[in-house]
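K.L.:
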Amino acid sequence: MSTHALPVAAATVEDDVSARIARLDEARRTPLLHVDGLWKVFGAKSDRIIGTPDADLSRRELMAKTGCVVAVKDVSFDVAPGEVFVVMGLSGSGKSTLVRCLTRLIEPTAGQVTVAGQDITSATDAQLRDLRRKHVAMVFQHFGLLPHRRVIDNVAYGLEIRGDGKAARRERAQEMVDLVGLSGNENSYPDQLSGGMQQRVGLARALAVDPSVLLFDEPFSALDPLIRRDMQNEVIRLHHEVGKTMVFITHDLAEALKLGDRILIMRDGAMVQVGRPDEVVGAPADDYVRDFVSDVPRSHVLTLRWVMRDPRPEESLEGPVMGPDTVVKNAAHRVLASAHPARVVAGDQLLGVVDREDILRVIVAEESP
Amino acid sequence: MTAVAERPAAPAAPEPPPTAQQQQRDPVRRTGVLLAAILGIWALGWALFKGTATLPLGRATLTDFQRSLNDLRDAFDAARDSNFFLETVVGGASDGLEALVTAAQNLLSQPAFPRPVPEIGWLGVLAVAAWIAYALAGVRSTILVVVSFLAFGVFGFWTESIDLLIITFTAVLISVAVGIPLAIAMARSRTVTTVVTPVLDVMQTMPSFVYLLPLVLLFSIGPSAAVVATLIYALPPVVRITAHGLRTVAPSTIEATTSMGSTRAQLLRKVQLPMAKQTIIVGVNQTMMAALSIATIAALIDGPGLGEPVIEALQTLDIGTAFVSGLCIVIIAIMLDRTTTAASERAEAERRTAVHDPRRRRAALIGGGVVAAVAVYLSRSYLWAADPDTLPDLGRPLADAVGSATEWFTDTFGQLTGAIKDGFTYGLLNPFQSLLADSPWWLVAAALLAVAFLIGGWRPALTTAVCLAVIFGVGLWQDSMVTLGMTLVATVLVMFLAVVFGVWMGRSKRADTALRPLLDAGQTIPPFVYLVPALALFGPSRFTAIVAAIVYAGPAAIKLVADGIRGVAPTTVEAARSAGSSTFQIITKVQLPMARGALVLASNQGLLYVLSMVVIGGLVGGGALGYTVVSGFSQAQLFGKGLAAGIAIVALGIMLDRITQHAAARQGRR
Numbered sequence: 000m001s002t003h004a005l006p007v008a009a010a011t012v013e014d015d016v017s018a019r020i021a022r023l024d025e026a027r028r029t030p031l032l033h034v035d036g037l038w039k040v041f042g043a044k045s046d047r048i049i050g051t052p053d054a055d056l057s058r059r060e061l062m063a064k065t066g067c068v069v070a071v072k073d074v075s076f077d078v079a080p081g082e083v084f085v086v087m088g089l090s091g092s093g094k095s096t097l098v099r100c101l102t103r104l105i106e107p108t109a110g111q112v113t114v115a116g117q118d119i120t121s122a123t124d125a126q127l128r129d130l131r132r133k134h135v136a137m138v139f140q141h142f143g144l145l146p147h148r149r150v151i152d153n154v155a156y157g158l159e160i161r162g163d164g165k166a167a168r169r170e171r172a173q174e175m176v177d178l179v180g181l182s183g184n185e186n187s188y189p190d191q192l193s194g195g196m197q198q199r200v201g202l203a204r205a206l207a208v209d210p211s212v213l214l215f216d217e218p219f220s221a222l223d224p225l226i227r228r229d230m231q232n233e234v235i236r237l238h239h240e241v242g243k244t245m246v247f248i249t250h251d252l253a254e255a256l257k258l259g260d261r262i263l264i265m266r267d268g269a270m271v272q273v274g275r276p277d278e279v280v281g282a283p284a285d286d287y288v289r290d291f292v293s294d295v296p297r298s299h300v301l302t303l304r305w306v307m308r309d310p311r312p313e314e315s316l317e318g319p320v321m322g323p324d325t326v327v328k329n330a331a332h333r334v335l336a337s338a339h340p341a342r343v344v345a346g347d348q349l350l351g352v353v354d355r356e357d358i359l360r361v362i363v364a365e366e367s368p
Numbered sequence: 000m001t002a003v004a005e006r007p008a009a010p011a012a013p014e015p016p017p018t019a020q021q022q023q024r025d026p027v028r029r030t031g032v033l034l035a036a037i038l039g040i041w042a043l044g045w046a047l048f049k050g051t052a053t054l055p056l057g058r059a060t061l062t063d064f065q066r067s068l069n070d071l072r073d074a075f076d077a078a079r080d081s082n083f084f085l086e087t088v089v090g091g092a093s094d095g096l097e098a099l100v101t102a103a104q105n106l107l108s109q110p111a112f113p114r115p116v117p118e119i120g121w122l123g124v125l126a127v128a129a130w131i132a133y134a135l136a137g138v139r140s141t142i143l144v145v146v147s148f149l150a151f152g153v154f155g156f157w158t159e160s161i162d163l164l165i166i167t168f169t170a171v172l173i174s175v176a177v178g179i180p181l182a183i184a185m186a187r188s189r190t191v192t193t194v195v196t197p198v199l200d201v202m203q204t205m206p207s208f209v210y211l212l213p214l215v216l217l218f219s220i221g222p223s224a225a226v227v228a229t230l231i232y233a234l235p236p237v238v239r240i241t242a243h244g245l246r247t248v249a250p251s252t253i254e255a256t257t258s259m260g261s262t263r264a265q266l267l268r269k270v271q272l273p274m275a276k277q278t279i280i281v282g283v284n285q286t287m288m289a290a291l292s293i294a295t296i297a298a299l300i301d302g303p304g305l306g307e308p309v310i311e312a313l314q315t316l317d318i319g320t321a322f323v324s325g326l327c328i329v330i331i332a333i334m335l336d337r338t339t340t341a342a343s344e345r346a347e348a349e350r351r352t353a354v355h356d357p358r359r360r361r362a363a364l365i366g367g368g369v370v371a372a373v374a375v376y377l378s379r380s381y382l383w384a385a386d387p388d389t390l391p392d393l394g395r396p397l398a399d400a401v402g403s404a405t406e407w408f409t410d411t412f413g414q415l416t417g418a419i420k421d422g423f424t425y426g427l428l429n430p431f432q433s434l435l436a437d438s439p440w441w442l443v444a445a446a447l448l449a450v451a452f453l454i455g456g457w458r459p460a461l462t463t464a465v466c467l468a469v470i471f472g473v474g475l476w477q478d479s480m481v482t483l484g485m486t487l488v489a490t491v492l493v494m495f496l497a498v499v500f501g502v503w504m505g506r507s508k509r510a511d512t513a514l515r516p517l518l519d520a521g522q523t524i525p526p527f528v529y530l531v532p533a534l535a536l537f538g539p540s541r542f543t544a545i546v547a548a549i550v551y552a553g554p555a556a557i558k559l560v561a562d563g564i565r566g567v568a569p570t571t572v573e574a575a576r577s578a579g580s581s582t583f584q585i586i587t588k589v590q591l592p593m594a595r596g597a598l599v600l601a602s603n604q605g606l607l608y609v610l611s612m613v614v615i616g617g618l619v620g621g622g623a624l625g626y627t628v629v630s631g632f633s634q635a636q637l638f639g640k641g642l643a644a645g646i647a648i649v650a651l652g653i654m655l656d657r658i659t660q661h662a663a664a665r666q667g668r669r
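Chains as they are written, first to last, in numbering that gives the first Met the number 0: chain W, 0 to 368; chain Z, 0 to 669.
(1) So which residues on chain W does Ala186 (chain Z) lean against when the C-beta distance must stay under 7 Å?
(2) Using a Cβ-Cβ cut-off of less than 7 Å, list which residues of the segment 249-265 of chain W approach chain Z; keep chain order.
(3) Could you name the residues of the same chain whose beta carbon sits closer than 6 Å to that of Thr424 (chain Z), not counting the 5 residues immediately before and after it, in chain order?
(4) Between Leu23 (chain W) and Val135 (chain W), which are expected to be in contact by the criterion C-beta below 8 Å, what is the C-beta distance as a whole number of angstroms?
(5) So is Pro430 (chain Z) in contact with chain W if we call contact Cβ pairs under 8 Å?
(6) Per DSSP, which residues does Arg261 (chain W) bridge with? Please list them.
(7) Taking Cβ positions, are Gln285 (chain Z) and Ile240 (chain Z) nearer each other than 8 Å?
(8) Please classify Val89 (chain Z): does DSSP put it in a helix, a strand, or coil?
(9) Can you confirm whether Val354 (chain Z), when its beta carbon is compared against all beta carbons of chain W, has any partner nearer than 8 Å?
(10) So, does the CB of Ala255 (chain Z) fall closer than 8 Å to a CB anywhere in chain W?
(11) Roughly how many whole angstroms lie between the Cα atoms of Leu214 (chain Z) and Ala597 (chain Z)?
(12) By Cβ distance below 7 Å, which residues in the same chain neighbour Arg19 (chain W) in space, the five residues on each side in sequence not counted?
(13) Residues of chain B with a CB under 9 Å from the CB of Val281 (chain Z): which are they?
(14) Cβ of Leu350 (chain W) within 8 Å of Cβ of Thr325 (chain W)?
(15) Are there three or more Cβ pairs, one per stretch, closer than 8 Å when the segment 62-76 of chain W is compared with the segment 84-96 of chain W?
(16) DSSP three-state label for His339 (chain W), please.
(17) In this structure, what does DSSP give as the bridge partners for Arg308 (chain W)?
(18) Could you name the residues of chain W that Met259 (chain Z) contacts, counting a contact when the two beta carbons are closer than 9 Å?
(19) By DSSP, does Val248 (chain Z) sit in helix, in strand, or in coil?
(20) 8 Å is my cut-off, CB to CB: does Pro276 (chain W) come that close to chain Z?
(21) Using the beta-carbon count (16 or more within 10 Å), is Tyr381 (chain Z) buried or exposed?
(22) Evaluate the contact criterion for the segment 159-176 of chain W versus the segment 92-99 of chain W: three or more CB pairs, one atom per stretch, below 8 Å.
(23) Give the range of the alpha helix (DSSP H) segment to which Lys420 (chain Z) is assigned.
(24) Pairs of beta-carbons, one from the segment 299-310 of chain Z and one from the segment 260-275 of chain Z, closer than 8 Å: are there three or more?
(25) Give me whichever residues DSSP pairs with Phe247 (chain W) in a beta bridge.
(26) Counting only C-beta atoms, is Leu104 (chain W) closer than 8 Å to chain Z at any point?
(27) Ignoring anything shorter than 4 residues, give me the alpha helix (DSSP H) runs that lie fully in the segment 505-576 of chain Z, in order along the chain.
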């Protein structure tokens with residue numbers, strides 16, 4: 000019975016994945032967040048560098064020549080409504096600066112940021128404040144909670160400063176506390192909570208203002224590995240429940256692959272690659288990214304699209320039908336159990352086939368690199 | 000001799016580059032050798048030229064410059080009613096402050112004409128104070144306040160105590176009202192910080208005693224001058240500490256709240272001020288203690304309060320009265336310190352315990368308020384509740400007892416204390432003082448410049464040159480050298496104590512726990528009070544002033560050294576121990592060298608504390624500049640000389656501060 004039930008469920012998930020990819024690709028034409036040619040250069044007279052040949056120098060050369068440091072170098076991307084967009088890079092790659100430039104917590108040197116059609120880079124202080132109060136909320140690595148306020152008042156802070164009434168903000172804050180699983184702790188002070196719980200407060204605080212975009216700046220880097228995993232699952236759950244658009248900064252590739260619809264990899268402030276997780280792992284843009292993803296269990300990320308091939312003439316076409324966005328790991332069981340190669344089908348079109356050997360090649364390759 | 004000693008300093012090109020170890024050790028050793036050389040030359044010069052060109056000045060003699068200061072004072076006095084600035088601005092401020100203080104006095108401490116007693120008598124004042132203490136700090140503080148106020152009454156210093164509190168609180172309120180906005184501006188703007196910080200530095204490093212005289216020029220003598228003097232000294236702590244508290248609010252929190260769209264006002268009101276609240280209360284506490292210490296000394300410029308009976312008793316060698324009035328000052332210090340500390344701790348604790356029942360507290364507050372109101376009513380209606388003289392008098396018997404105990408002590412141990420005093424005076428103080436004060440001025444100046452250059456570099460040497468020129472210019476060279484000698488000797492002793500006790504406390508947790516409260520208490524007591532026991536033991540002399548200075552400066556220096564020793568990385572100490580070092584080796588080869596920065600800082604602080612106290616020691620036979628300042632207060636024709644002495648003290652203070660600061664900065668770089 001169970002062997003029969005499983006394929007059905009899996010097929011639904013696959014369809015969901017493919018449909019989601021297609022929907023996001025479509026939605027990206029009218030992006031919620033649009034970043035175009037964004038630069039941040041720290042140092043004196045930093046604005047004079049962009050557009051000159053100096054801008055093409057490496058970070059170290061520029062530092063030596065002008066004393067300026069390029070933190071973000073000509074970054075452009077679009078984020079679709081409802082998408083989880085992960086920015087990944089090592090420390091010093093400029094990712095935290097990038098996310099701060101999105102709401103001008105750090106003033107960008109050049110470029111344009113648009114949120115829901117509103118140009119952030121030219122917004123006045125009042126417009127910017129309005130944007131921060133209603134449309135974009137942020138979760139921080141070190142939480143940034145107010146130690147002198149109870150959990151519930153921390154969560155209500157954003158509502159309080161924009162002038163919501165006391166009863167309304169109480170109610171909303173309580174909802175958020177419940178949503179992130181902190182019921183019963185609303186009257187505690189932040190320092191009475193564990194790190195994971197404090198970050199839940201940070202999450203609730205960000206969600207309370209019902210923003211259209213959530214920014215996460217390495218929110219789980221300060222947490223223990225087990226708690227980090229819980230929190231990642233929490234974010235996935237919340238994303239399912241509230242469907243917010245998210246920009247997520249991390250230095251942890253596993254986290255990026257787990258959460259992201261798409262991933263932007265940064266190095267020394269510049270974009271190296273943007274793509275879906277399977278694209279990053281399956282087709283690294285350069286040696287840097289290849290080196291980066293070399294330890295990733297490929298079967299957990301690559302989809303059948305990356306391992307399928309054209310059917311050989313003599314091959315049977317009676318195997319099970321699967322979607323191209325099925326992750327190899329999830330397909331393995333059925334492909335290995337089947338006597339015939341699996342068919343990879345999108346709609347009613349046959350894209351290719353996958354047999355046991357194709358699957359095993361992926362799995363074995365990652366065990367003996 | 001110099002030539003020989005300096006030769007290694009000259010750049011010798013052909014020599015091979017020294018090894019790393021040589022480079023590290025050489026400067027220290029070379030400085031030592033050069034210092035010894037300077038001292039040697041100095042001693043030689045002293046032997047040759049002793050007693051010549053020492054620039055002495057007779058007690059009643061005034062130089063032209065000092066006379067011109069007298070004229071300046073007269074000009075100020077004459078212009079007080081005609082000059083716009085003096086009449087309207089200064090006069091207005093002065094009248095306002097005086098009216099404020101007088102109103103408070105009529106209400107609380109002095110007979111309010113036509114009443115023979117204040118509007119509110121002792122019982123009412125006590126009850127209201129207790130009620131405020133209960134509202135702000137809690138039950139323990141209430142008891143402390145009640146006992147303290149009763150003590151003022153039974154010791155016979157009710158009026159003086161309340162007057163001192165009035166001056167202190169007036170200054171503190173103004174300090175807070177001015178200081179906190181200023182601190183907010185400093186926390187927000189780098190420019191404001193750059194402008195204000197050096198001003199605060201000067202306000203704090205100047206020996207408190209000194210700015211009383213220039214204030215007299217502007218404000219004449221009396222309560223308003225006392226309040227302004229207190230204000231100047233009390234303002235820096237609250238500004239500094241508040242600005243520090245605001246600036247150290249976690250940047251991640253600021254960023255997070257900014258990212259949510261807080262305005263600057265919201266940021267300040269909802270984030271920065273609440274998070275810095277405890278630090279701010281610490282600042283208010285510091286300001287209050289500073290205010291108290293100056294409000295006491297302000298008795299010299301006719302400021303009302305407990306300082307008056309102390310000074311009077313000190314000058315008439317009435318140890319008993321000095322003791323009792325000094326005790327009242329100590330009681331006030333402890334009361335204020337404990338109450339403000341308790342207030343800050345309570346604010347924190349109350350926030351923590353969510354179970355607290357606000358209704359019960361409100362009932363208790365209302366009940367207390369009713370009791371206070373009844374007490375006020377009684378104190379307005381019945382003489383027994385109004386006049387503190389109706390309380391039993393313990394002050395006189397206590398003063399007599401202390402007086403006779405002191406007499407007995409000096410009779411019994413007089414030889415011993417005398418021997419200590421003489422041994423110290425003839426063995427250490429006199430030779431050193433003679434070196435400074437009996438050498439020709441040009442020799443001393445050259446030696447001081449060389450020392451400043453050697454341990455601090457060319458900048459402090461330049462400052463030293465300017466300061467010495469000022470001292471020379473105001474015509475008090477020999478007096479200044481005597482004061483400098485006393486200061487240096489006392490500082491050496493302070494540092495000796497600081498190293499001994501600091502090392503002990505730094506190494507033993509138990510010693511630290513036992514001593515630290517004592518040292519903390521020692522620091523809260525106004526310095527003035529230390530003169531009393533010193534005078535009781537040693538009679539009026541230079542040594543007495545030095546003893547008081549050591550007692551005053553000791554706690555600060557000891558704490559700095561203890562913290563420095565404790566700050567040495569435990570792993571380093573462990574490594575030294577595992578290498579087989581003895582305890583003595585660990586102290587001398589690891590902990591003290593690594594705490595060198597703290598030692599230099601301690602000597603900097605020690606010097607400034609000692610200087611300010613040595614000057615106050617002029618009241619108990621310290622002589623020299625301190626005496627000159629005191630006589631400037633009491634004798635009109637010596638005003639100019641006193642003011643000149645004040646200038647000389649400031650010059651000495653700046654010189655010592657700059658030299659040690661730069662030495663400390665050098666240590667930091669090493």
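Here a beta-carbon is modelled for each residue, glycine too, at the ideal position from N, C-alpha and C.
P.N.:
Quick look at the numbers:
(1) Here residue 186 (chain Z) refers to the residue found at position 187 of the second sequence. Going along chain W, no residue has its Cβ under 7 Å from Ala186 (chain Z), so there is no contact; the nearest lies around 17 Å.
(2) Answer in chain order: no residues at all.
(3) If you number the second sequence from 1, residue 424 (chain Z) lands on position 425. Shown here for Thr424 (chain Z): same chain residues with a beta carbon closer than 6 Å to its own, the five before and five after excluded, namely Phe542 in chain order.
(4) Taking the first sequence and counting its residues from 1, one reaches residue 23 (chain W) at position 24. Taking the first sequence and counting its residues from 1, one reaches residue 135 (chain W) at position 136. Incorrect: roughly 19 Å between the Cβ atoms, too far for contact.
(5) Against the second sequence, residue 430 (chain Z) aligns to sequence position 431. Output row for Pro430 (chain Z): interface = no.
(6) The residue you call residue 261 (chain W) lines up with position 262 of the first sequence. For Arg261 (chain W), which the question treats as bridged, DSSP gives the partners W:Phe84.
(7) Here residue 285 (chain Z) corresponds to residue number 286 of the second sequence, with the count starting at 1. Here residue 240 (chain Z) corresponds to residue number 241 of the second sequence, with the count starting at 1. Yes, the pair counts as a contact, with Cβ atoms nearer than the cut-off.
(8) Counted from its first residue, the second sequence places residue 89 (chain Z) at position 90. In the displayed model, Val89 (chain Z) falls within a helix according to three-state DSSP.
(9) The count along the second sequence starts at 1 and reaches residue 354 (chain Z) at position 355. Bear in mind that a pLDDT of 49 at Val354 (chain Z), under 50, signals an unreliable position, so the model cannot answer this.
(10) In the second sequence, counting from the first residue as 1, residue 255 (chain Z) sits at position 256. Closer than 8 Å: yes.
(11) What you label residue 214 (chain Z) is simply residue 215 of the second sequence in a count that begins at 1. What you label residue 597 (chain Z) is simply residue 598 of the second sequence in a count that begins at 1. C-alpha separation (whole angstroms): 35 Å.
(12) In the first sequence, counting from the first residue as 1, residue 19 (chain W) sits at position 20. Closer than 7 Å at the Cβ level, and outside the excluded window around Arg19 (chain W), lies no residue.
(13) This model lacks chain B altogether; the protein chains it does include are W and Z.
(14) Indexing the first sequence from 1 puts residue 350 (chain W) at position 351. Indexing the first sequence from 1 puts residue 325 (chain W) at position 326. In this structure, Leu350 (chain W) sits away from Thr325 (chain W), with a CB-CB distance that is not shorter than 8 Å.
(15) Of all C-beta pairs linking the segment 62-76 of chain W to the segment 84-96 of chain W, three or more are shorter than 8 Å, placing the two stretches in contact.
(16) If you number the first sequence from 1, residue 339 (chain W) lands on position 340. It is coil, neither helix nor strand.
(17) If you number the first sequence from 1, residue 308 (chain W) lands on position 309. In DSSP, Arg308 (chain W) forms a bridge with W:Val352.
(18) As a position in the second sequence, residue 259 (chain Z) is number 260, starting the count at 1. For Met259 (chain Z), the residues of chain W that pass the 9 Å Cβ criterion are Arg131, Arg132, Ala136, Met137, Tyr156, Gly157, Ile160, Arg161, Arg204, Ala205, Val208, in the order they occur in the chain.
(19) Numbered from its first residue, the second sequence carries residue 248 (chain Z) at position 249. If DSSP states are grouped into helix, strand and coil, Val248 (chain Z) belongs with coil.
(20) For the purposes of this step, residue 276 (chain W) is taken as the residue at position 277 of the first sequence. So, not an interface residue.
(21) On the second sequence, residue 381 (chain Z) is found 382 positions in, with the first residue counted as 1. Result: exposed.
(22) Output reads no: the segment 92-99 of chain W does not touch the segment 159-176 of chain W.
(23) As a working note, residue 420 (chain Z) is residue 421 in the second sequence. First-last of the alpha helix (DSSP H) with Lys420 (chain Z): 394-423.
(24) Contact between the segment 299-310 of chain Z and the segment 260-275 of chain Z is not established, with fewer than three Cβ pairs separated by less than 8 Å.
(25) For the purposes of this step, residue 247 (chain W) is taken as the residue at position 248 of the first sequence. Phe247 (chain W) is bridged to W:Val85, W:Phe215.
(26) Here residue 104 (chain W) refers to the residue found at position 105 of the first sequence. Yes, because at least one Cβ of chain Z sits closer than 8 Å to the Cβ of Leu104 (chain W).
(27) Within the segment 505-576 of chain Z, the runs of alpha helix (DSSP H) that reach at least 4 residues and sit entirely inside it are, in chain order, 508-523, 530-537, 541-566.
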